[in-house]
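Trainee: Numbering follows this note's numbering, in which position 56 of the sequence shown is assigned residue number 794; successive positions increment by one, without gaps.
The C-beta atom is built at its ideal place from N, Cα and C for all residues, glycine as well.
Have a look at this one.
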Amino acid sequence: MSKTVAVLGGTGNEGPGLALRWAKSGKYQVIIGSRQLEKAQRVASELNERLGGELIRGMANEDAVRATDLCVLTIPYSAHHATLTGLRDLLQGKILIDVTVPLKPPKVSHVNVPPGGSAGQEAQAILGAGVRVVSAFQNVGMAHLAEDESHIDCDVLICGDHKDAKAEAIALAQAAGMRGIDAGPLQNAVVVEGLTSILIGINVRHKIKGAGIKITGI
Ligand SMILES: NC(=O)c1ccc[n+]([C@@H]2O[C@H](COP(=O)([O-])OP(=O)(O)OC[C@H]3O[C@@H](n4cnc5c(N)ncnc54)[C@H](OP(=O)(O)O)[C@@H]3O)[C@@H](O)[C@H]2O)c1
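Below, the structure written as structure tokens:
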């Protein structure tokens, strides 16, 4: 039976692209989570229309967490602390893949290091040792996720302190059409999150939408 992955805050820019790709791969049952059930159901139904089948369900974030051990978080950094505090108890024993980039508007192309070292480390501190936090997918823009081709010409750097949890993120990257690369412990997330600001700046300077990263030599 295929695994279930829940995309919390999956109603925005980044979440639906990931959800669509995971559902399309046939390897995952996908749940879109939202603060509002109706919004989650609406986005799920829009994605299902594009997929031509009822492959994605919409749920309130809390129910989405209850439904699986594998959760992905795609929310703005400004909502990170409060959202994780609210979901902390429900997430115990599970894997949380954090896509959050601690951008500091308006200068989103300047690297911002948050007080806890990185959003990934802050998530781990908020959730405690009972949750295996992985940091991933921050360098893949929504423009790439929306491409028709199944392969995306970007790598996904994956940071975390639990090998089994990182293996889940590597499998998710592959199912979304990318190569997932173990980039070391969660403390390395600061660099991966920071790269996103650099990519945003490159996008602006080159008038493009999808600067990305690829590791050579592997
Ligand atoms: N967009 C990209 O291309 C991209 C690329 C790489 C990484 N990222 C990172 O991925 C994360 C999500 O990006 P995004 O562009 O998808 O963000 P977004 O569209 O602004 O927001 C995503 C979802 O977060 C939820 N949300 C918004 N404010 C909230 C709040 N105060 N409390 C709780 N939930 C809230 C909303 O879901 P509900 O209203 O349904 O609850 C919203 O649909 C960010 O940290 C971003 O830096 C984005």
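Suppose only complete runs of 4+ residues qualify. What are the alpha helix (DSSP H) ranges in the segment 775-807, listed by chain order?
Mentor: For the segment 775-807, whole alpha helix (DSSP H) runs of length 4 or above, ordered along the chain, are 775-789 and 799-804.
Trainee: Considering Cα atoms alone, identify which of P852, C897 and L746 is closest to D807.
Mentor: L746
Trainee: Closer than 7 Å: is that where the CB of A817 sits relative to any heavy atom of ligand 1?
Mentor: yes
Trainee: Comparing C-alpha positions only, which one of L895, K832 and P923 sits nearest to Q912?
Mentor: L895
Trainee: Would you mind working out which of L924, I936, E784 and I813 sits nearest G858, comparing C-alpha positions?
Mentor: L924
Trainee: Could you tell me whether the Cβ atoms of G748 and A757 are closer together than 8 Å?
Mentor: yes
Trainee: L811: which of K832, L793, E792 and G791 sits nearest, CA to CA?
Mentor: K832
Trainee: Might you give, ordered along the chain, the residues of its own chain that have their beta carbon closer than 7 Å to the beta carbon of D893, omitting 5 neighbours on each side?
Mentor: Answer for D893: M916, R917, I919, I951, K952 and I953, listed in chain order.
Trainee: For a test of your reading of the model: does the CB of M880 fall under 7 Å from any non-hydrogen atom of ligand 1? Yes or no.
Mentor: Result yes, Cβ under 7 Å from ligand 1.
Trainee: State the start and end residues of the unbroken alpha helix (DSSP H) segment that holds D827.
Mentor: H818 to L829
Trainee: Please find out if some non-hydrogen atom of ligand 1 comes closer than 7 Å to the beta-carbon of P852.
Mentor: Taking 7 Å as the cut-off, one finds no heavy atom of ligand 1 near enough to the beta carbon of P852.
Trainee: Less than 8 Å between the CB atoms is what I'm expecting for G791 and Q830, so what's the real figure, rounded?
Mentor: With 8 Å as the limit, G791 and Q830 do not qualify as a contact, their Cβ atoms being about 33 Å apart.
Trainee: Quick check on the burial criterion: 16 or more other C-beta atoms within 10 angstroms. Buried or exposed for K845?
Mentor: The residue in question, K845, is exposed, as its Cβ has fewer than 16 Cβ neighbours within 10 Å.
Trainee: Using a threshold of 7 Å, is the CB atom of P844 nearer than that to any non-hydrogen atom of ligand 1?
Mentor: Result no, Cβ not under 7 Å from ligand 1.
Trainee: The beta strand (DSSP E) with L924 in it runs from where to where?
Mentor: Here L924 belongs to no beta strand (DSSP E), and DSSP marks it neither H nor E.
Trainee: Using only alpha-carbon positions, find the residue among H944, H900, S783 and H848 that is nearest to G932.
Mentor: H848
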